[in-house]
Amino acid sequence: TGIDSTLVAIGGGAAVAAYSFLGFDAVTTFTEETIDPRRTVPKAIMLIALIGGGIFVVVAYAVQLVHPGGVFENSDAAAFEIAKSIGGHLFGAIFLAALVIAQFTSGIAAQAAGSRLLYAMGRDGVLPRSFFGKLSPRFHTPVLSLLAIAVIGLIAIFMNVATSTSFINFGAFLAFIMVNVSVIVYWARERRGGRSLNVWLYLVCPIIGVLVIGFLLTQLDVHAITLGAIWLVVGAVILAVTTKGFRTQPSELAVDSVDSDLPEAAQQV
Numbered sequence: 057t058g059i060d061s062t063l064v065a066i067g068g069g070a071a072v073a074a075y076s077f078l079g080f081d082a083v084t085t086f087t088e089e090t091i092d093p094r095r096t097v098p099k100a101i102m103l104i105a106l107i108g109g110g111i112f113v114v115v116a117y118a119v120q121l122v123h124p125g126g127v128f129e130n131s132d133a134a135a136f137e138i139a140k141s142i143g144g145h146l147f148g149a150i151f152l153a154a155l156v157i158a159q160f161t162s163g164i165a166a167q168a169a170g171s172r173l174l175y176a177m178g179r180d181g182v183l184p185r186s187f188f189g190k191l192s193p194r195f196h197t198p199v200l201s202l203l204a205i206a207v208i209g210l211i212a213i214f215m216n217v218a219t220s221t222s223f224i225n226f227g228a229f230l231a232f233i234m235v236n237v238s239v240i241v242y243w244a245r246e247r248r249g250g251r252s253l254n255v256w257l258y259l260v261c262p263i264i265g266v267l268v269i270g271f272l273l274t275q276l277d278v279h280a281i282t283l284g285a286i287w288l289v290v291g292a293v294i295l296a297v298t299t300k301g302f303r304t305q306p307s308e309l310a311v312d313s314v315d316s317d318l319p320e321a322a323q324q325v
């Protein structure tokens, strides 16, 4: 029916659009390298969300005014087509140059944040410590984790924008689902212990979150779901190895600890 097709279209668009709202919390991976992180990092997260979100809303609204349609010859070059229709070939070339610089900067930020996360997981034994838990003696940076992310990132060469964003959203949606499930488990555990928590906040809202995110997960690109499932299996194998066949508890990330290998300024927390 018309309603069903509209719902599917909205769900598919929302599943991809969610990518635009990811990443503002990546700054938390630099906690150990930040002076006074308890005050600085939360402030940075709020500023990133507000400033980045504001820019996104303004740009998205302006683009919709200029190009209300959604049909492009090549969806990967949609932004370039819109820029060219606004200011001609010169403005399109300037926009393309700015876009390349922005993408390069975004890639550096993502790689830096991801490498710090892998290092923390390696240092605390969640991932193989011999590889991911090492820092460069000279630069005090997780060089091996950076190289691992760079190699894995080459997979994106063989993907279009829709597939690559869907692949990223696959991991994000799974994480969001697990967060909601964790809240439900926490509510049940506290209830058994005799503590009463708000049913709407700790049960109803997380259940709604799981259902909505689960629906969005099914709307992702089929290739992204397949690749994400393979990636999930790889993670399960690594977890099985680090927990000796799931017989021991996995290590917990010590996010408040200070590594002696970090620069002195970063240890002044």
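Going by the working numbering, the residue at position 84 of the sequence shown is 140; the numbering climbs one at a time, nothing skipped. Where is the CB? At the ideal position from N, CA and C, for every residue including glycine.
For residue 76, report the span of its alpha helix (DSSP H) as first-last. The continuous stretches of alpha helix (DSSP H) do not include residue 76, and DSSP gives it neither H nor E.
Pairs of beta-carbons, one from the stretch 219-231 and one from the stretch 262-273, closer than 8 Å: are there three or more? Taking one beta carbon from each stretch, the stretch 219-231 and the stretch 262-273 have 3 or more pairs nearer than 8 Å; the two touch.
Report the rounded CA-to-CA distance for residue 172 versus residue 202, giving the unit in angstroms. Cα atoms of residue 172 and residue 202: separation of roughly 9 Å, rounded to the nearest angstrom.
Residue 300 by DSSP, collapsed to three states: which one? The three-state reading of DSSP puts residue 300 in coil, since its state is none of H, G, I, E or B.
Indicate whether residue 219 and residue 279 have their beta-carbon atoms separated by less than 8 Å. Taking a C-beta distance under 8 Å as the contact criterion, residue 219 and residue 279 qualify as a contact pair.
Could you tell me whether the stretch 282-291 touches the stretch 248-259, using the rule of 3 or more Cβ pairs below 8 Å? Inter-segment contact for the stretch 282-291 and the stretch 248-259 is absent: fewer than three beta-carbon pairs are separated by less than 8 Å.
Pick from 114, 179, 104 that is closest to residue 298, judged by C-alpha positions: Distances from the alpha-carbon of residue 298 to those of 114, 179, 104 put 179 closest.
What did DSSP end up calling residue 128 once you bin it into helix, strand or coil? The answer is coil: DSSP assigns residue 128 none of H, G, I, E or B.
Collapsed DSSP secondary structure at residue 172 in the structure displayed: Correct three-state label for residue 172: helix.
Helix, strand or coil for residue 147? Go by DSSP, reduced to three states. If DSSP states are grouped into helix, strand and coil, residue 147 belongs with the helices.
State the start and end residues of the unbroken alpha helix (DSSP H) segment that holds residue 246. Where residue 246 is concerned, the enclosing alpha helix (DSSP H) stretches over 217-248.
Starting from the C-beta of residue 199, find all residues in its chain whose C-beta is less than 6 Å away, skip the five residues before and the five after it, and write them out in chain order. Cβ within range, chain order: 192.
CB-CB under 6 Å to residue 311, same chain, minus the five flanking residues each way: which ones, in chain order? Note that residue 311 scores a pLDDT of 46, beneath 50, so its modelled location is shaky; the value from the coordinates is reported in the next line. Within the same chain, residue 311 has no close Cβ partners at all.
Three-state class that DSSP yields for residue 167 in the structure shown: Secondary structure at residue 167: helix, using DSSP grouped into helix, strand and coil.
Leaving out the 5 sequence neighbours to the left and right, which residues in its chain are closer than 6 Å to residue 205 when beta-carbon positions are compared? The beta carbon of residue 205 is closer than 6 Å to those of 167, 170, 171 in its chain, skipping five residues each way along the sequence.
Collapsed DSSP secondary structure at residue 325 in the structure displayed: Note that residue 325 scores a pLDDT of 35, beneath 50, so its modelled location is shaky and nothing firm can be said.
Flag this pair as yes or no: are the beta carbons of residue 144 and residue 136 separated by less than 8 Å? Result no, Cβ atoms of residue 144 and residue 136 do not sit closer than 8 Å.
Cα-Cα separation, residue 246 to residue 117: Spanning the two alpha carbons is a distance of roughly 45 Å.
Sequence-distant residues of the same chain with beta carbon closer than 7 Å to residue 248, five excluded per side: So the list is empty, once near-sequence residues are dropped.
Round the Cβ separation of residue 223 and residue 284 to the nearest angstrom and send it over; I've been treating them as touching at under 8 Å. The C-beta distance from residue 223 to residue 284 rounds to 6 Å, short enough to fall under 8 Å.
Quick check on DSSP: helix, strand or coil for residue 278? Helix at residue 278.
Within 10 Å of its beta-carbon, does residue 93 have 16 or more other beta-carbons around it, so buried, or fewer, so exposed? Buried, by the Cβ-count rule.
Give the straight-line distance between the Cα atoms of residue 103 and residue 301, rounded to the nearest whole angstrom. Looking at the two C-alpha atoms, the distance is approximately 43 Å.
State the Cα-Cα distance for the pair residue 113 and residue 100, rounded to the nearest angstrom. Note on geometry: alpha-carbon atoms of residue 113 and residue 100 lie some 19 Å from one another.
DSSP three-state assignment for residue 313, whether helix, strand or coil: Note on residue 313: pLDDT 47, under 50, position unreliable in the model; the coordinate value appears next. Assignment of residue 313 by DSSP, reduced to helix, strand and coil, places it in the coil class.
Classify residue 70 as helix, strand or coil using the three-state DSSP reduction. Three-state DSSP puts residue 70 in a helix.
In the DSSP assignment, find the alpha helix (DSSP H) that holds residue 111 and state where it starts and stops. That run of the alpha helix (DSSP H) goes 93-122.
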